[in-house]
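Data block below; observations after.
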Amino acid sequence: MNNFEFKNPTKIIFGKDTIEKLESEIPSDAKVLLLYGGGSIKKNGIYEQVTKALSKVDVTEFGGIPANPEYAVLMEALQVIKDKGINYLLAVGGGSVIDGTKFLSAAAVYDGDTPWDILTKNVKTQKGMPFGTVLTLPATGSEMNSGAVITRAETKEKLAMGGPGLFPEFSILDPQVISSIPERQLVNGITDAFTHVLEQYMTYPIGASLQDRFAESILQTLIEVAPKVIKDPTDYKPAADFMWSCTMALNGLIQKGVPGDWAVHMMGHELTALFGIDHARTLAVIAPSHYKYNIEAKKEKLAQYGERVWNITEGSIDDKAYAAIEKTEAFFQGLGIDTKLSDYTEDYEGTAEEISKRFTARGWKGLGENQDLSPDKVEKIVKMAY
3 MNNFEFKNPT KIIFGKDTIE KLESEIPSDA KVLLLYGGGS IKKNGIYEQV
53 TKALSKVDVT EFGGIPANPE YAVLMEALQV IKDKGINYLL AVGGGSVIDG
103 TKFLSAAAVY DGDTPWDILT KNVKTQKGMP FGTVLTLPAT GSEMNSGAVI
153 TRAETKEKLA MGGPGLFPEF SILDPQVISS IPERQLVNGI TDAFTHVLEQ
203 YMTYPIGASL QDRFAESILQ TLIEVAPKVI KDPTDYKPAA DFMWSCTMAL
253 NGLIQKGVPG DWAVHMMGHE LTALFGIDHA RTLAVIAPSH YKYNIEAKKE
303 KLAQYGERVW NITEGSIDDK AYAAIEKTEA FFQGLGIDTK LSDYTEDYEG
353 TAEEISKRFT ARGWKGLGEN QDLSPDKVEK IVKMAY
């Protein structure tokens, strides 16, 4: 196991009817900007619960943060923060709203002229504007980590950011909120969380037995609860397991002491930026091709995954590794997720070359756990995913 340091300062408030606890988490003298997405929280009762809990606090609202948090929209919110003297942010939503709030937390204290530089220059925010979250869509784990991904439509870019100052102060996780989530978003959430685990697990053996077991248990839980959550999202027990699995998949715990990949995400982000494909679905498009292309480097962990998660016991290490990839792709397809780029767009020709050019321009010359996935290799993987 590699050396590591681990600190996660986010307070988790988990369980039924916990949104009312907002009242005791936000300072009474705070000037709060309440951020949310397309307005579904006003239809499912969450907005009413939140505003009731915030009745004694000075609140300004900002809605309309899109599914891929858009820089131009967030710049409008940043202006509200300045105009209203906001000193506390509250994200009520899924990963996109929370990621957008993290950007605002960083941008509100940034002393540069162009907040986009936070992403392009990889600025690590040490202390942002304080914020909390009320999670409405389990998927990204953003409610308990310090990372975010922001989209800029005018340049067709989707870039990551983060820093130790961008952990939420608290996050409220009430599994009851998933009862009103459309099936497409539930499926996306399951796929996103599943792939988050794979990015931190599907590398090479390093002797971190407990970390492997943590990762495998999250994968097994997601496989077990997926059909139950989709069939009846009002069933509290699988809803709770689903929500907590998504949080645990990316709160930093399972990545400590082990190598990480994240190349699937880097390639997937480009597909979202270029074509507007749901983030989770881009991961399902790229992952199988990525693992097949890198089979030699990953086959030991793929075989272990096949044995422990999918109960594949027959054949050689290579046989088990390939069978594990097939099981993974079949799992995504069983959720109703298409796993080829051509399923989403007819304009896929040239995509691999474009992504390779972008990575080269950014200096991304060695992705993956071995830092050897060069842009020309990325190009081959993306072509395999057509």
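In terms of my numbering, the sequence shown opens at residue 3 and continues consecutively.
Beta carbons: idealized from backbone N, C-alpha and C, even for Gly.
Between the options, which lies nearest to residue i when the distance is taken from Cα to Cα?
i, options, result
"Y388", "T353, A299 and K359", "T353"
"S291", "S211, P377, E328 and Q257", "E328"
"L276", "S107, T249 and A155", "A155"
"W312", "F133, Q222, S358 and F244", "Q222"
"G308", "E185, M204 and G336", "M204"
"A119", "A162, E201 and I88", "The amino acid at residue 119 is misidentified as Ala; the sequence shows Asp. Ranking A162, E201 and I88 by Cα distance to D119 puts A162 first."
"K385", "S344, D374, G370 and T362", "S344"
"G391", "V34, V136 and T62", "The chain is shown from 3 up to 388; residue 391 falls before or after that span and cannot be answered."
"M245", "L37, K230 and G65", "K230"
"A286", "S318, T330 and G262", "T330"
"T20", "D31, K54, A217 and G368", "K54"
"L139", "Y38, G114 and S148", "Y38"
"G232", "G96, G191, V82 and T142", "Before going further, note that residue 232 is Ile rather than Gly in the sequence given. Among G96, G191, V82 and T142, the Cα nearest to that of I232 belongs to G191."
"K13", "L24, I88 and E201", "L24"
"D31", "I174, D237, N89 and Q373", "N89"
"K58", "A217, P29, D340 and K84", "P29"
"L91", "E78, G97, L106 and V227", "L106"
"E201", "L56, I15, E63 and A217", "A217"
"D340", "L212, D60, I288 and S182", "I288"
"E351", "K382, K300, A69 and T193", "K382"
"I397", "G143, A265, S182 and D237", "There is no way to answer for residue 397, as the model of the chain reaches only from 3 to 388."
"E145", "T236, I319, D280 and P11", "P11"
"P261", "E22, V199 and D378", "V199"
Use the C-beta contact count for residue i: other C-beta atoms within 10 angstroms, 16 or more gives buried, fewer gives exposed.
i, result
"K104", "buried"
"K303", "buried"
"A74", "exposed"
"K44", "exposed"
"V111", "exposed"
"A332", "exposed"
"K359", "exposed"
"M269", "buried"
"F8", "exposed"
"R186", "exposed"
"M391", "Because the chain here runs from 3 to 388, residue 391 falls outside it and cannot be looked at."
"R283", "buried"
"F334", "buried"
"D101", "buried"
"G130", "buried"
"G370", "buried"
"F196", "buried"
"P166", "exposed"
"S26", "exposed"
"R81", "According to the sequence provided, residue 81 is Gln. The question's Arg does not apply to it. With fewer than 16 other Cβ atoms within 10 Å, it is exposed."
"P207", "exposed"
"G95", "buried"
"G254", "buried"
"E348", "exposed"
"L35", "buried"
"F6", "exposed"
"S2", "The structure shown does not extend to residue 2, since the chain is modelled only from 3 through 388, so no value can be given for it."
"D176", "buried"
"E159", "buried"
Look up residue i in the DSSP assignment and give the residues it is bridged to.
i, result
"F2", "Beyond the ends of the chain as shown, which are 3 and 388, falls residue 2; an answer cannot be given."
"G95", "L137"
"Y112", "BP columns for Y112 are empty, so no partner."
"K86", "Bridge partners of K86: none, in fact."
"K126", "G164"
Between which two residues does the beta strand (DSSP E) carrying residue i extend?
i, result
"T135", "F133 to L137"
"I152", "G149 to R154"
"M163", "E159 to G164"
"L1", "Look at the range of the chain in this structure, 3 to 388, and you will see that residue 1 is not part of it."
"I183", "Segment: none, I183 is in no beta strand (DSSP E) and carries neither H nor E."
"I15", "K13 to F16"
"I383", "I383 -> not in any beta strand (DSSP E); alpha helix (DSSP H) instead, spanning P377 to M386."
"S173", "F172 to L175"
Which two residues bound the contiguous alpha helix (DSSP H) that contains residue i?
i, result
"L369", "No alpha helix (DSSP H) holds L369; DSSP gives it neither H nor E."
"L121", "D119 to T122"
"S26", "L24 to E27"
Legend entry - Every unbroken alpha helix (DSSP H) inside the segment 194–264 [4 residues or more]: 211–233 and 238–251
Inset, instruction - Jot down the residue ranges of each uninterrupted beta strand (DSSP E) in the segment 294–367, minimum 3 residues, whole runs only, in chain order. - result: none
Inset, instruction - Taking only runs that begin and end inside the segment 42–79, name each unbroken alpha helix (DSSP H) of 4 or more residues, in chain order. - result: 48–55
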